[in-house]
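A.B. asks: One structure, pasted below without further comment.
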Amino acid sequence: MFLVRRLLLLLVDLRTAREEVARLAVSEERLRFSRDLHDVLGHSLSVIALKTQVARRLMGPDPQAAEAALSDVERVAHESLASVREMVTGYRQRSLDDELRSAEEVLGAAGITLEIAGGSTTLAAESDGLLAWAVREGVTNVLRHSRAHHCRIAIVLDDSAVRLDMSDDGVGADGHTGGTGLRGLRERMAEAGGALDTGPGPDGGGFALRVRLPAAVA
17 MFLVRRLLLL LVDLRTAREE VARLAVSEER LRFSRDLHDV LGHSLSVIAL
67 KTQVARRLMG PDPQAAEAAL SDVERVAHES LASVREMVTG YRQRSLDDEL
117 RSAEEVLGAA GITLEIAGGS TTLAAESDGL LAWAVREGVT NVLRHSRAHH
167 CRIAIVLDDS AVRLDMSDDG VGADGHTGGT GLRGLRERMA EAGGALDTGP
217 GPDGGGFALR VRLPAAVA
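Quick note, my numbering runs 16 ahead of the 1-based positions in the sequence shown.
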């Protein structure tokens, strides 16, 4: 019960931070904060919801495992709050390697196997941050919409471009709403001279998210 109380306090702090962002942001700055806030909280709250469901299932048969799941929820809530605070002060740095590690953990907890091809590529800070956002948004969409069992992320860097392809074997484009997160991500890529495409996976099924950035950005 003490853990639950602490989690509620953390969620109150998250809501307060979100409201502060809304007050600070105006015009184009408001749009930028709105986009960033969606990316940070949308992903984190999806993870919190998943871990809470796991804890609820385990509460009766395995209280120890349920407590471990609740500890994970607390950790994610702490990280989310720190992310929002960093975003407000303008020092938010998103690492592609960190997001890939997080994707393995989060998708694994949901019973979705993740295959990563490429990665650990040295990229310029802007490109690394954009691809990190793409992975985070892709994972959020897989968790929310896909009902997938397997997901693949491929990263390829050549002389002309860096490419990130993320695909799953889920229900396909009908399960993905293409909402605020994908729109914001598409805008980010366009601002950097890149592009974001979505559609069926390589074999015609599932859902794929494809990002391209020019070598000048990479």
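Where a beta carbon is used, it is the ideal one built from N, C-alpha and C, also for glycine.
Any idea what DSSP makes of Ala85, helix, strand or coil?
C.D. replies: helix
A.B. asks: Quick one: residues in its chain with C-beta nearer than 8 Å to the C-beta of Gly191, no 5 flanking neighbours on either side, listed in chain order?
C.D. replies: Legend: pLDDT at Gly191 = 49, less than 50; position of this residue unreliable, value from coordinates given subsequently. Here the set comprises His161, Ser162, Arg163 and Phe223.
A.B. asks: With distance defined between alpha-carbon atoms, name the residue in Asp78, Arg152 and Ala208 nearest to Leu225.
C.D. replies: Arg152
A.B. asks: Take the Cβ of Glu121 as the centre, count every other Cβ of all protein chains shown within 10 Å, and call the residue buried at 16 or more, exposed below.
C.D. replies: exposed
A.B. asks: I want to know whether the stretch 196–204 touches the stretch 172–184 - three or more CB-CB distances under 8 Å.
C.D. replies: Fewer than three pairs of CB atoms, one per stretch, sit closer than 8 Å, so the stretch 196–204 makes no contact with the stretch 172–184.
A.B. asks: Rounded to whole angstroms, what is the Cα-Cα separation between Tyr107 and Asp55?
C.D. replies: Reliability of the predicted coordinates at Tyr107 is poor, the pLDDT of 45 falling under 50, and no value is obtained from them.
A.B. asks: Between which two residues does the beta strand (DSSP E) harbouring Val227 extend?
C.D. replies: Phe223 to Pro230
A.B. asks: Could you tell me if His59 is buried or exposed, where buried requires 16 or more neighbouring beta carbons within 10 angstroms of its beta carbon?
C.D. replies: buried
A.B. asks: Between the C-alpha atoms of Ala81 and Leu66, what's the straight-line distance to the nearest angstrom?
C.D. replies: 14 Å
A.B. asks: If you follow the beta strand (DSSP E) that Arg179 is part of, which residue opens it and which one closes it?
C.D. replies: Membership of Arg179 in the beta strand (DSSP E) is indicated by the continuous run Ala177 to Asp184.
A.B. asks: Within the same chain, show all residues whose beta-carbon is closer than 7 Å to that of Ala98, passing over the 5 residues directly before and after it, in chain order.
C.D. replies: none
A.B. asks: Across which residues does DSSP place Ile169 in a beta bridge pair?
C.D. replies: Ile132 and Met182
A.B. asks: Any idea what DSSP makes of Pro218, helix, strand or coil?
C.D. replies: coil
A.B. asks: Quick one: what's got a C-beta closer than 7 Å to Ala126's C-beta in the same chain, skipping five residues either side?
C.D. replies: Leu66 and Leu159
A.B. asks: Can you give me the Cβ contacts of Gly217 inside the same chain, cut-off strictly under 6 Å, excluding the 5 residues immediately before and after it?
C.D. replies: Cβ neighbours of Gly217 beyond the five flanking positions: Ser183 and Ala224.
A.B. asks: Return the CA-CA distance between Cys167 and Ser96, expressed in angstroms with no decimal places.
C.D. replies: 24 Å
A.B. asks: Could you give the distance in angstroms between the alpha-carbon of Asp114 and the alpha-carbon of Val187?
C.D. replies: 27 Å
A.B. asks: Rounded to whole angstroms, how far is the Cβ of Val178 from the Cβ of Leu130, which I believe are closer than 8 Å?
C.D. replies: No, Val178 and Leu130 are not in contact; Cβ-Cβ is about 20 Å, not under 8 Å.
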